[in-house]
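Q: Structure provided below as structure tokens; questions to follow.
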Amino acid sequence: MRILNREKQSEATGISQGSRMETEEELFENLREQLQQIIEESVELTDDELAEKLDNLVLERCRDRQFPLRKKEELRRQLFYSVQRLDILQELVENPGITEIMVNGCSDIFYEEDGKLHRWNKSFRSRERLEDVVQEIAGRCNRVVNEQRPIVDARLEDGSRVNIVLNPVALNGPIITIRRFPEKAITMSDLVERKSLTREAADFLCELVAAKYSLIVGGGTSTGKTTFLNALSSAVPPQERIITIEDNAELQLQGLPNLVRLEAKNSNMEGMHEITIRDLIKTSLRMRPDRIIVGEVRGAEAGDFLTCLNTGHDGSLGTAHANSIRDMISRLEMMTLAGMTLPVGVIRRQIAAGIDILVHLGRDALGWRYVEEIGEITGMNGEEVAIQTLYRRNVEGKLEKVGELAHAEKINEYRRLRERN
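Sequential numbering of the sequence shown, starting at 1, is according to the UniProt record's numbering.
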């Protein structure tokens with residue numbers, strides 16, 4: 001209510017536009033230009049100082065318009081967001097209930113809340129303003145996006161993941177997709193409370209992680225793979241040295257003092273060379289990790305990750321897109337072949353030797369995310385990777401235990417050590 005405190009102190013100065021009063025759109029653009037000029041002329045202007053100047057501008061220009069106080073406050077907020085934040089998207093970004101924001105050009109904006117998609121009643125004032133927001137997002141992450149490089153991944157200051165696609169790839173672009181994550185990391189108890197899995201299955205998975213079983217979380221788009229990996233990581237013993245590797249830093253690992261976070265980088269115009277997930281996996285092996293956590297295995301780095309799993313880094317974790325547990329094996333094979341020329345049989349044996357547990361996630365039409373199946377890789381069955389199901393969701397929608405762990409040596413040793421201490 002900053003404007004209310006000054007309303008009685010301001011004097012009308014009314015700016016006329018010839019013989020007519022400027023439209024509200026013209027008023028907004030003129031105020032925005034003045035505000036931009038103030039920012040350019042000031043050195044290290046704080047948000048509070050800018051807000052002070054903005055209050056004066058709004059009061060001065062709107063006095064003789066007889067705008068209601070609520071409209072002045074809305075104008076002030078939109079102006080501030082347009083020069084210091086993400087314009088009209090800021091309102092959505094600050095809403096903790098929104099998990100996804102989708103911008104299809106300057107006119108069509110959608111968001112996901114409580115698992116459902118909604119169309120927003122606001123839009124960007126111009127394509128140029130949307131392009132300004134695109135460059136602001138990319139610039140803050142030291143990324144370059146233009147017609148020559150029309151696709152880029154970035155992140156916001158709060159950790160939200162951003163994907164941007166421009167012309168000529170996006171015909172109705174620019175396209176912005178923002179995946180938001182909860183401010184407070186979701187725990188396994190939270191997932192149990194949401195009925196994503198049972199308490200029995202949650203405790204079992206946490207024991208597997210603590211006992212250093214290597215595990216891959218799979219599922220389709222927006223099934224909660226990163227969220228689930230975050231929750232699982234809470235079972236990692238705090239005395240271990242953990243290295244996380246991500247294309248865009250999203251993981252919110254808690255309670256791990258010896259944590260190293262690595263993020264891939266694109267090349268840019270300042271001469272920075274591209275640093276890929278593969279590069280980071282290779283260098284992480286020289287950093288004395290107890291475990292390596294790869295936020296998402298989605299390309300040729302799959303082969304390097306399998307190498308890690310087969311060279312003494314038990315308990316490593318990762319996620320991958322897949323339609324089922326069996327499909328996860330095929331996906332890993334194809335991604336490994338993209339980076340290495342190896343016989344399929346060799347790759348399958350590496351998968352069987354390096355990965356212990358597969359967790360497949362699903363999502364229903366109403367947005368509910370859940371564990372669909374938990375399986376164990378038991379070795380090779382001829383030329384195929386052998387998988388046995390440990391937990392499966394039944395026809396009633398309940399996750400039930402259907403099998404016993406075949407390779408129980410590590411979990412039994414973990415239980416003995418826990419009882420001894």
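All C-beta atoms, glycine included, are put in the ideal place defined by N, C-alpha and C.
Using the Cα positions of Asn146 and Glu296, report the straight-line distance between them to the nearest angstrom.
A: Asn146 and Glu296: Cα-Cα distance of roughly 26 Å.
Q: Keeping to the same chain, check which residues put their C-beta closer than 7 Å to that of residue 423; ignore five residues upstream and five downstream.
A: Residue numbering for the chain in the displayed model covers 1 to 421; residue 423 lies beyond these limits and cannot be assessed.
Q: Among Asn381, Asn323, Glu112, Ile292, whose alpha-carbon lies nearest the alpha-carbon of Asn310?
A: Cα-wise, what sits closest to Asn310 is Ile292.
Q: For the region 206-222 against the region 245-254, are there 3 or more C-beta pairs whose distance is under 8 Å?
A: Not touching, per the Cβ criterion.
Q: If you draw a straight line from the alpha carbon of Lys8 to that of Glu73, how long is it in whole angstroms?
A: Low confidence applies here, because Lys8 scores a pLDDT of 41, under 50, leaving its location unreliable and the question unanswered by this model.
Q: Nearest to Val177 by alpha carbon, out of Ser126, Asp158, Ile109?
A: Position check: residue 177 holds Thr in this sequence, whereas Val was assumed. If we check each option's Cα against that of Thr177, Ile109 comes out closest.
Q: Can you tell me which of Ile277, Lys225, Leu215, Ser234 puts its alpha carbon nearest to the alpha carbon of Ile245?
A: Ranking Ile277, Lys225, Leu215, Ser234 by Cα distance to Ile245 puts Ile277 first.
Q: What alpha helix (DSSP H) runs, 4 residues minimum, are completely inside the region 104-152?
A: Within the region 104-152, the complete alpha helix (DSSP H) runs of at least 4 residues are 127-140.
Q: Out of His321, His313, Ala320, Thr336, which one is the CA nearest neighbour of Glu301?
A: The option with the nearest alpha carbon to Glu301 is Thr336.
Q: Which of the three DSSP states, helix, strand or coil, is assigned to Arg70?
A: In the structure shown, Arg70 sits in a helix (DSSP, three-state: H, G or I).
Q: How is Leu4 classed by DSSP in three states: helix, strand or coil?
A: Unreliable placement is indicated for Leu4, whose pLDDT of 43 sits below 50; the coordinate value is still reported in the next sentence. Helix at Leu4.
Q: Taking only three categories from DSSP, how would you classify Asn381?
A: Residue state, collapsed to three classes: strand.
Q: My assumption, with CB atoms under 8 Å, is that Arg393 sits in contact with Glu373. Please give the rounded CB distance.
A: So it is a contact: roughly 7 Å between Cβ atoms.
Q: Leaving out five residues before and five after Glu207 in sequence, what residues of the same chain have Cβ atoms less than 8 Å from its Cβ?
A: Closer than 8 Å at the Cβ level, and outside the excluded window around Glu207, lie Ala235, Ile411, Tyr414, Arg415.
Q: Leaving out five residues before and five after Ala201 in sequence, what residues of the same chain have Cβ atoms less than 7 Å from its Cβ?
A: Within the same chain, Ala201 has close Cβ partners Val371, Ile374, Tyr391, Leu399.
Q: Taking just the CA atoms, how far does Arg77 sit from Arg70?
A: Those two C-alpha atoms are separated by around 11 Å.
Q: Which of helix, strand or coil does DSSP assign to Gln34?
A: Helix.
Q: Please work out which residues of its chain come closer than 8 Å, Cβ to Cβ, to Phe67, disregarding the five sequence neighbours upstream and downstream, and give them in chain order.
A: Within the same chain, Phe67 has close Cβ partners Leu75.
Q: Going by DSSP, what residues sit across from His321 in a beta bridge?
A: His321 is bridged to Gly219.
Q: Give me the residue from Glu376, Asn104, Ser126 with the minimum Cα distance to Ile329.
A: Minimum Cα distance to Ile329 is reached at Glu376.
Q: Would you tell me roughly how many angstroms separate the C-alpha atoms of Arg127 and Cys106, rounded to the nearest one?
A: Distance between the alpha carbons of Arg127 and Cys106 is about 6 Å.
Q: Can you have a look at Gly345 and say buried or exposed, based on whether 16 or more other CB atoms are within 10 angstroms of its CB?
A: So Gly345 counts as exposed.
Q: Unbroken beta strand (DSSP E) runs of length 3 or more, entirely within the region 328-407: which are they?
A: Counting only runs of 3 or more, we get 357-363, 369-381, 384-393, 399-401.
Q: Contact defined as beta carbons within less than 8 Å: I believe Ser160 pairs with Arg180. What is the distance between those atoms, to the nearest angstrom?
A: Between Arg180 and Ser160 the Cβ distance is about 5 Å, and since that is below 8 Å, they are a contact.
Q: So who's on the other strand from Leu262, going by DSSP bridges?
A: BP columns for Leu262 point to Ile245.
Q: Shortest alpha-carbon distance to Gly315 belongs to which of Arg241, Lys401, Asp158, Arg140?
A: It is Arg241.
Q: Val93 and Leu156: beta carbons closer than 8 Å?
A: Yes.
Q: As a quick exercise: from Asp132, Arg129, Ile88, pick the residue whose alpha carbon is nearest that of Trp120.
A: Answer by Cα proximity: Ile88.
Q: Going by DSSP, name the residue or residues bridged to Arg179.
A: Partner(s): Glu100, Arg161.
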